[in-house]
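Student: Going by this note's numbering, the final residue of the sequence shown carries number 1209, and the count climbs one at a time with no gaps.
Ideal placement from N, C-alpha and C gives every residue a C-beta, glycine not left out.
Just so you know, these numbers come straight off a predicted model, no measurement behind them.
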Amino acid sequence: MPYSCSDFASNIVNHLFDNGLIPATVAGSDNLEYQATEAMAAITDLATRAAASPALTPRSAPATGAAQRQARSAQFMTELLDAHETLTAIGEQKGVRTLADCMYMLSAVQKGTQIEVHHPTESEILDIIQSLPSATLWMTYVHEVTE
1063 MPYSCSDFAS NIVNHLFDNG LIPATVAGSD NLEYQATEAM AAITDLATRA
1113 AASPALTPRS APATGAAQRQ ARSAQFMTEL LDAHETLTAI GEQKGVRTLA
1163 DCMYMLSAVQ KGTQIEVHHP TESEILDIIQ SLPSATLWMT YVHEVTE
């Protein structure tokens, strides 16, 4: 079945809604002109904010929608595996506790929550996170606790 203009419009509106950029009233409307106007306004607002403050770009902002959290978790796993090739390698090289913390971290990114990292710890999760290309983003999902 071919991909239609209607499919494209619906996907864009749903994506904007999933990421908290437009309200449910817009996403659920049957008025395509209204949806288009609001979608363009949301995209313009996002572009203006990104240009004014690179620190607030969607990539480094907190993930608000399910689709954005899913994309972030996929990005985390991609960066993790690019750096360590396999999960088994992490367990063998860094220990089972570190591997478990990597999985807790993946879950936190998917849920939009945080993991607690207690100091001192046997886990090397902080070393792993800080070695990843998006370390600054991933550290927003970590709550460090000093004992």
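#1: Would you kindly report the start and end of the unbroken alpha helix (DSSP H) that includes I1187?
#2: Can you give me the Cβ contacts of A1128 inside the same chain, cut-off strictly under 8 angstroms, excluding the 5 residues immediately before and after it?
#3: Note the first and the last residue of the continuous beta strand (DSSP E) segment covering I1177.
#4: On a Cα-Cα basis, can you pick out the residue from H1146, W1200 and F1070 that is closest to Y1166?
#5: Which one or two residues does DSSP pair with T1208 in a beta bridge?
#6: Could you spell out where the alpha helix (DSSP H) holding D1080 opens and where it closes?
#7: Could you name the residues of the same chain whose beta carbon sits closer than 6 angstroms to that of Q1210, not counting the 5 residues immediately before and after it, in chain order?
#8: Please go through the same chain and pick out, in chain order, the residues whose beta-carbon is closer than 7 angstroms to the beta-carbon of I1187, but skip the five residues on each side of it.
#9: In whole angstroms, what separates the C-alpha of T1119 from that of A1086?
#10: Measure from the alpha carbon of N1028 to the alpha carbon of each residue in A1109, S1068, D1107 and T1110, then state which is nearest.
#11: What is the DSSP secondary structure of L1168, reduced to helix, strand or coil?
#12: What does the alpha-carbon distance come out to for the pair K1173 and R1134?
#13: Could you please give the first and the last residue of the uninterrupted alpha helix (DSSP H) stretch that includes G1153?
#14: Kindly indicate which residue of T1208, I1190 and A1101 has the alpha-carbon position closest to the one of H1181.
Tutor: So, from the data block:
#1: Along the sequence shown, read from residue 1 onward, the residue named residue 1187 stands at position 125. It spans I1187 to Q1192 - the alpha helix (DSSP H) in which I1187 sits, taken as one unbroken run.
#2: Taking the sequence shown and counting its residues from 1, one reaches residue 1128 at position 66. For A1128, where only same-chain residues beyond five positions count, the Cβ hits under 8 angstroms are D1080.
#3: Position 115 of the sequence shown, counted from the first residue, corresponds to residue 1177. I1177 to H1181 is the extent of the beta strand (DSSP E) around I1177.
#4: In the sequence shown, counting from the first residue as 1, residue 1166 sits at position 104. Looking at the Cα atoms, W1200 is the closest of the given residues.
#5: Translated into positions along the sequence shown, residue 1208 becomes position 146. Beta-bridge pairing links T1208 to H1181.
#6: Residue 1080 sits at position 18 when you count from the first residue of the sequence shown. Counting along the chain, the alpha helix (DSSP H) containing D1080 begins and ends at C1067 to D1080.
#7: Shown here, the chain extends from 1063 to 1209; a query on residue 1210 therefore has no answer.
#8: Your numbering for residue 1187 matches position 125 in the sequence shown. Within the same chain, I1187 has close Cβ partners T1160, D1163, C1164, M1167 and V1179.
#9: Stepping through the sequence shown from its first residue, residue 1119 is reached at position 57. Stepping through the sequence shown from its first residue, residue 1086 is reached at position 24. Unreliable placement is indicated for T1119, whose pLDDT of 40 sits below 50; the coordinate value is still reported in the next sentence. The straight-line gap from Cα to Cα measures roughly 23 angstroms.
#10: Nothing can be reported for residue 1028, as the shown portion of the chain is limited to 1063 through 1209.
#11: By 1-based counting over the sequence shown, the position of residue 1168 is 106. Three-state result, L1168: helix.
#12: For the purposes of this step, residue 1173 is identified with residue 111 of the sequence shown, where counting begins at 1. For the purposes of this step, residue 1134 is identified with residue 72 of the sequence shown, where counting begins at 1. Their backbone Cα atoms lie some 10 angstroms apart in a straight line.
#13: Indexing the sequence shown from 1 puts residue 1153 at position 91. Residues L1149 to K1156.
#14: Sequence index remark: in the sequence shown, residue 1181 carries index 119 (1-based). Taking only the C-alpha atoms, the option nearest H1181 is T1208.
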